[in-house]
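The sequence shown begins at 0 in numbering that gives the first Met the number 0 and counts up one residue at a time. All C-beta atoms, glycine included, are put in the ideal place defined by N, C-alpha and C.
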Amino acid sequence: MLSMAGGGGGGRSFDQSFWLTPLPPAGPLLVVCAWTAVGIGETRTTLDGTAIAEAGARAVTLWAPSPPDPEGPVEPPVPKVPEGGWFAAVVRAGRGTDGSPG
Numbered sequence: 000m001l002s003m004a005g006g007g008g009g010g011r012s013f014d015q016s017f018w019l020t021p022l023p024p025a026g027p028l029l030v031v032c033a034w035t036a037v038g039i040g041e042t043r044t045t046l047d048g049t050a051i052a053e054a055g056a057r058a059v060t061l062w063a064p065s066p067p068d069p070e071g072p073v074e075p076p077v078p079k080v081p082e083g084g085w086f087a088a089v090v091r092a093g094r095g096t097d098g099s100p101g
């Protein structure tokens with residue numbers, strides 16, 4: 000899961016931070032995104048999963064994680080996705096976005 004974690008800027012510059020969990024395995028990491036509500040079609044880029052995993056290994060735990068929810072995880076609804084792209088293929092195949100059955 001990739002989530003926005005904060006950012007800011009102005010003029011012609013903007014910095015954005017993201018939270019990625021779990022950390023990816025070593026090797027290429029394909030990132031696919033789309034924002035059809037504002038007319039941005041599906042785009043892809045490949046990141047270095049090794050560099051991300053190495054950075055994660057340098058992380059410092061500041062406090063213990065929260066205990067798990069006693070009612071279990073909440074299953075998110077299947078999103079409405081544009082036809083013909085990577086997202087549609089994953090939803091149609093009934094897999095999680097990491098390729099696992101889901």
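- Within its own chain, the residues whose Cβ lies closer than 7 Å to the Cβ of Ala4, once the five positions on either side in sequence are excluded, are Ser16, Phe17 and Trp18, listed in chain order.
- In this structure, Gly48 keeps its C-beta atom at 8 Å or more from the C-beta atom of Ala33.
- Beta-bridge pairing by DSSP links Thr45 to Leu29.
- Apart from sequence neighbours up to five positions away, no residue of its chain approaches Arg91 with a beta-carbon distance below 8 Å.
- Leaving aside the five residues that flank Met0 on each side, the residues in its chain whose CB is nearer than 7 Å to its CB run, in chain order, Thr20.
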